[in-house]
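Here the structure is laid out as structure tokens; the discussion comes afterwards.
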Amino acid sequence: PNENGFQTNNEVLPSGEVFVVPNLIVGLQEYYDLNSQNYQQFPIELQPYEVKIIYISNLGKSGAVDTDPSWYLDAVFYQIFVRSFYDSNGDGKGDLNGIIQKLDYITNIGFNAVWLLPIFESPSYHGYDATDYYSIESDYGNLTSFQNFLSSAHNKGVRVILDMVLNHTSSSHPWFQDSVYNRNGKGDWYVWTNVSIDVLRASGWQYAWGRGDANNVWHWNSTKNMYYYGAFWSGMPDLNLLNPAVSNEMFKIGSNWLAKGVDGYRLDAVRYLVETGPYPNQADTLPTKVFLQAYNQYLKSLNPNFYTVGEVWADNDIVSGYYGKLDSCFNFDFAYSVRSAIISENPSSIVNMINTKPSSIPWKFFAPFIDNHDDVFFNGGRFADQFNGSFEKQKLASAILLTFPGTPFVYYGSEIGMMKGPQGGDEGKRTPMQWDSSSKAGFTTGNPWTSLANNQNPYNVAYQLSDPNSLLNYYKKLINIRKVFTSVRRGDFKLLPTTDSQVLSYIRIGTNESILVVANFSSSAKNVTVNLSSSGLVISENYKTYLFNLGSQTTIPGNSFIIIDGVKENLWNSCKVAGPITNTLTETKGWDFGGFLGLYITNDTTNLYVAFDTLNLAGQYGNTIYLVFDLPSYSYNLNNLTNNIIGSQNVRNVVFTNNFYFDFFVKMTAPSNSFVQNTNVWIVWGDGSYVSLDTVGNVGVGDRFVEISIPLSNLNLTSGSQIRVLVFFSGDNTSATAYCAIPFDNNNNYSTGGTTGPLPNPSWNSLTILDDYFVYTLR
Numbered sequence: 077p078n079e080n081g082f083q084t085n086n087e088v089l090p091s092g093e094v095f096v097v098p099n100l101i102v103g104l105q106e107y108y109d110l111n112s113q114n115y116q117q118f119p120i121e122l123q124p125y126e127v128k129i130i131y132i133s134n135l136g137k138s139g140a141v142d143t144d145p146s147w148y149l150d151a152v153f154y155q156i157f158v159r160s161f162y163d164s165n166g167d168g169k170g171d172l173n174g175i176i177q178k179l180d181y182i183t184n185i186g187f188n189a190v191w192l193l194p195i196f197e198s199p200s201y202h203g204y205d206a207t208d209y210y211s212i213e214s215d216y217g218n219l220t221s222f223q224n225f226l227s228s229a230h231n232k233g234v235r236v237i238l239d240m241v242l243n244h245t246s247s248s249h250p251w252f253q254d255s256v257y258n259r260n261g262k263g264d265w266y267v268w269t270n271v272s273i274d275v276l277r278a279s280g281w282q283y284a285w286g287r288g289d290a291n292n293v294w295h296w297n298s299t300k301n302m303y304y305y306g307a308f309w310s311g312m313p314d315l316n317l318l319n320p321a322v323s324n325e326m327f328k329i330g331s332n333w334l335a336k337g338v339d340g341y342r343l344d345a346v347r348y349l350v351e352t353g354p355y356p357n358q359a360d361t362l363p364t365k366v367f368l369q370a371y372n373q374y375l376k377s378l379n380p381n382f383y384t385v386g387e388v389w390a391d392n393d394i395v396s397g398y399y400g401k402l403d404s405c406f407n408f409d410f411a412y413s414v415r416s417a418i419i420s421e422n423p424s425s426i427v428n429m430i431n432t433k434p435s436s437i438p439w440k441f442f443a444p445f446i447d448n449h450d451d452v453f454f455n456g457g458r459f460a461d462q463f464n465g466s467f468e469k470q471k472l473a474s475a476i477l478l479t480f481p482g483t484p485f486v487y488y489g490s491e492i493g494m495m496k497g498p499q500g501g502d503e504g505k506r507t508p509m510q511w512d513s514s515s516k517a518g519f520t521t522g523n524p525w526t527s528l529a530n531n532q533n534p535y536n537v538a539y540q541l542s543d544p545n546s547l548l549n550y551y552k553k554l555i556n557i558r559k560v561f562t563s564v565r566r567g568d569f570k571l572l573p574t575t576d577s578q579v580l581s582y583i584r585i586g587t588n589e590s591i592l593v594v595a596n597f598s599s600s601a602k603n604v605t606v607n608l609s610s611s612g613l614v615i616s617e618n619y620k621t622y623l624f625n626l627g628s629q630t631t632i633p634g635n636s637f638i639i640i641d642g643v644k645e646n647l648w649n650s651c652k653v654a655g656p657i658t659n660t661l662t663e664t665k666g667w668d669f670g671g672f673l674g675l676y677i678t679n680d681t682t683n684l685y686v687a688f689d690t691l692n693l694a695g696q697y698g699n700t701i702y703l704v705f706d707l708p709s710y711s712y713n714l715n716n717l718t719n720n721i722i723g724s725q726n727v728r729n730v731v732f733t734n735n736f737y738f739d740f741f742v743k744m745t746a747p748s749n750s751f752v753q754n755t756n757v758w759i760v761w762g763d764g765s766y767v768s769l770d771t772v773g774n775v776g777v778g779d780r781f782v783e784i785s786i787p788l789s790n791l792n793l794t795s796g797s798q799i800r801v802l803v804f805f806s807g808d809n810t811s812a813t814a815y816c817a818i819p820f821d822n823n824n825n826y827s828t829g830g831t832t833g834p835l836p837n838p839s840w841n842s843l844t845i846l847d848d849y850f851v852y853t854l855r
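Next comes the structure, spelled out in structure tokens:
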């Protein structure tokens, strides 16, 4: 059902099989019976760069779904560079109020968590060199605007993590100035040495990642006549975290923003926190990991749900060394392997990344991404630049990202295929968000703080929102898949073999269902078979197993992509029905129009599926079946019962732990040859829920009277709560008037008298069927 009424899709189902399919699927464009004959060699056709995401009913295993209560396992993060996201005041720079104004955009795509790049006071445009960890960058707002943003995000169900830099500060930070002049006990808050640069060079000091020499990391200060260590550059001196005063201060800063309500931290450059000597002892040292573990444990002692994700820019074998110290770390190997697979048209790099992950480290520790704010690919480009902006290849990458295990992160602009700006380097990846194709990209009414990248159609939000086949809408649909299917977020992960080396296949295993992903990295069409038996799952002998292709996109020739459309949260498991179905009709053979069913239709009902068992046909009778829906609205709840309220009545002296008695009377007229009528009474109570309380029965020509008892104790109603009454029926050429009433005593107070038989002192209220609602307010 939808706001325009009901739509139907006729699907030919296997004879004799009665099963329910997920109510989120728009249409079963393809489905296959999975059996012992095709389980080891299931055939799949793929167009160039096509990804098929396939729902498999009744194929899962107990314990396959991770039950860890951590919220981040169900999150999809959106990474925001505040300066470039949206300017709310026309000064040319993005700000926190700008993000508030774009929260609906963020949530409509499906993101339920955001990572803000540094927001603390800083002299640089990027903020990775703080001068005050307790204040907000003035270009972005102040503490009040931050609290407003945080509250607004939380009210929309969006978690917020901040970028926290523990390794270094700005050389303009008052701490560093105190350290230079040995003031306020901060002389050794940074890493200083009297050793000459020649000795440092001879010792092997260089960049912590293994190139350059001592001049790159040891910087002379003529005031103190000493060298200080700065792993990145002279403007970012490293803190001395071996000094308890420094480490305690960083713990204090962490607790400060936690107390304000933030949900976690992205920890910058954590490989380089503590150096124990020259290269290779400038990274991944034991004191670094001890500090991080203590820091994480301290934050969780304040808030057990607090989340930490670390930037360990290294191969996964190094990243694995941080397991148990942080909640998760970014999966750089994932980004590199996906890029390589698409460029080479061969997923062997992804297969290698999967096979070389240490088996003792769970996938949920690795947070996958395909792009971020740094020059990840060492060519100054965004992810889209790696493929000259090809949307087809970006869709392929996003499909892998959002069906892969671990908590995914999406860099702002990736969802519209933003490419680098003219600046080059990191700044070229941090250009203003492209909201539309106007001269200032809809980012600001002033002059943008830096040059724009190409924001002409189709590289902007406004254009792509209007295009159902856009990259932006692919992201929306993929995130919906992840949201709906627990197996995609938390299920086991298993690589599956295929018969073509250019095709990647893996399965996400749930308890009662699984999701199969088959991706063609080739520019040529493929016919492959997938060995599903290698998943280790066994087809049930008690239930039929079906594979459903979850929708398809075919308007881009040669580059289709399989997605779900119209996803809702409520999901029925696909299964062969093992027990009775309550909403059923059994009709005798012949010309029978007597069947009517009362169905629960809510605003979460996207599709109504009807299964037919026609095995009991006999003689000359055929199996033509007609479905007729006659409803006044696609859903009933308090929000959409605001029109046609024809009356209201206060009901006083109600005891909310008792039952509420109610009488209903319908007077119907119909031609003598009319079909048997079935009229239903529906009650809607104050919290927006509803229940069918009774069926008036089969009413032909005449009147019908029923009594209804509502268990108030089950509804959590209080004084002022409302009960609304509406009536509908299915039939032909029928007119009717309905009446409702409650019992009153002689003083017009509600009375429990008359719980059987006629009501005492009834006050009858008339309703036009299908149109009117009557409201009782309980007092």
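Sequential numbering of the sequence shown, starting at 77, is according to this note's numbering.
Quick reminder that beta carbons are idealized off the backbone N, C-alpha and C, glycines included.
One or two residues paired with Gly386 in a DSSP bridge: Leu343, Cys405
Given Ser513 as reference, the closest of Tyr539, Asp239, Ile185 once Cα atoms are compared: Tyr539
Residues near Pro194 by beta carbon distance below 6 Å, same chain, minus five either side: Gly203, Tyr204, Asp239
Distance, Val158 Cα to Ala529 Cα: 17 Å
Touching by the beta-carbon criterion (3+ pairs, under 8 Å), the segment 401-419 and the segment 428-441: yes
Range covered by the beta strand (DSSP E) that runs through Asp568: 568-572
Residues near Ser724 by beta carbon distance below 8 Å, same chain, minus five either side: Phe850, Val851, Tyr852, Thr853
Local Cβ density within 10 Å of Ser234, reported as buried at 16 or more and exposed below that: Position check: residue 234 holds Val in this sequence, whereas Ser was assumed. Val234 should be labelled buried.
Identity of the residue in Asn357, Ile818, Asn372, Val727 nearest Ser797 by Cα: Val727
Start and end residues, beta strand (DSSP E) containing Glu126: Neither: Glu126 is in no beta strand (DSSP E) and is coded neither H nor E.
DSSP beta-bridge partners of Trp191: Gln155, Ile237
Distance, Lys440 Cα to Leu149 Cα: 7 Å
9 Å Cβ cutoff met for Asn448 and Phe485: yes
Where Pro145 falls, given that 16 or more other Cβ within 10 Å makes a residue buried: exposed
6 Å Cβ shell around Gly501 - same chain, five flanking residues per side excluded: Gly456
Inter-stretch contact (C-beta, 8 Å, three-pair minimum) for the segment 358-369 and the segment 247-263: no
Separation of Pro423 from Gln113, as counted between CA atoms: 28 Å
Local conformation of Ser590 per DSSP, three classes: strand
Burial state of Val350, where buried means 16 or more other Cβ atoms lie within 10 Å: buried
Cβ-based burial, Asn603 [other Cβ within 10 Å; buried from 16]: exposed
Collapsed DSSP secondary structure at Ala817 in the structure displayed: strand
Option in Thr526, Ser228, Tyr488, Ala307 with minimal Cα separation from Gly288: Ala307
Sheet register partners of Leu315 (DSSP bridge): Tyr266
Residue environment, Ser377, which counts as buried when at least 16 other CB atoms sit within 10 Å: exposed
Span of the beta strand (DSSP E), counted from its first residue to its last, around Trp285: Per DSSP, Trp285 belongs to no beta strand (DSSP E) and is neither H nor E.
Distance, Gln155 Cα to Ile212 Cα: 18 Å
Check whether Phe561 and Leu580 have beta carbons under 9 Å apart: no
Other residues of its chain near Lys232: CB distance less than 6 Å, five sequence neighbours each side excluded: Leu179, Thr183
Host beta strand (DSSP E) of Ile615 (start-end): Counting along the chain, Ile615 falls outside any beta strand (DSSP E), and DSSP gives it neither H nor E.
Arg584, DSSP secondary structure in three states: strand
Three-state class that DSSP yields for Pro363 in the structure shown: helix
Three or more C-beta pairs below 8 Å linking the segment 396-409 and the segment 371-385: yes
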